[in-house]
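If you use full-length UniProt numbering, the sequence shown corresponds to residues 1 to 157, in order. The C-beta atom is built at its ideal place from N, Cα and C for all residues, glycine as well. Nothing here was measured: the structure is a model prediction, and the numbers come from that model. I have placed the structure first, in the form of structure tokens, so that the comments after it can refer back to it.
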Amino acid sequence: MVGQVSNEVEVNVAASEAWEIYGTLRLPKVVEEALSGLNQKVEVIEGDGGVGTVLKLTFGTAGAPFASLKEKFTKVDHEKRLKEVQVIEGGYLDVGFTFYRVRFEIIEKGDDSCIIKSTIEFDVKEEAAASASYVTIEPLAKVAEFAKTLLIKNKVA
């Protein structure tokens, strides 16, 4: 079973400013802060934020169907402002998924406006189809809203 969910948040800052968060290792820290209620911890296992960077996400007790997962940056395109991150160990792969990828795109709308688009693409084995209910765009939407707040606050400062 193949699926996809996405979310878009418009931000009144230049796309280059939003990419300074999403295109770098600032993003894991923003994720931790935005999702602090979930007691999520994000560690950089290897890499400098480019392709091949590996992160370990450890989840608290708040409703996650698994304790942790590792993900790898498989695409970082600074020109297109596009980052793809794929689960490579644990997490969704342990509950029947064969593929789980998150894509972040910063889409320029104008000089001082952009869209943060977050997309989850997944493939889950037919016998584990019930696990598809674990897929939710809500955490990524919270991260985008938190990033929006940070970006606007920094613009005003």
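{"Check": "Option in Pro65, Phe122 and Glu79 with minimal Cα separation from Glu20", "Outcome": "Glu79"}
{"Check": "Given 8 Å, three or more beta-carbon pairs between the region 18-35 and the region 133-144", "Outcome": "yes"}
{"Check": "Residue environment, Ala18, which counts as buried when at least 16 other CB atoms sit within 10 Å", "Outcome": "buried"}
{"Check": "Continuous alpha helix (DSSP H) stretch holding Ile21: start and end", "Outcome": "Ala15 to Tyr22"}
{"Check": "Ile115 beta carbon less than 8 Å from that of Glu8", "Outcome": "yes"}
{"Check": "Cβ-based neighbour list, Lys75, same chain, cut-off 7 Å, excluding 5 preceding and 5 following", "Outcome": "Val51, Leu82, Lys83 and Glu84"}
{"Check": "Contact check, Glu108 vs Met1, beta carbons under 8 Å", "Outcome": "no"}
{"Check": "DSSP three-state assignment for Lys125, whether helix, strand or coil", "Outcome": "coil"}
{"Check": "Endpoints, beta strand (DSSP E) assigned at Leu57", "Outcome": "Val54 to Thr58"}
{"Check": "DSSP three-state assignment for Ile88, whether helix, strand or coil", "Outcome": "strand"}
{"Check": "Beta-carbon proximity of Val124 to Thr98, cut-off 8 Å", "Outcome": "yes"}
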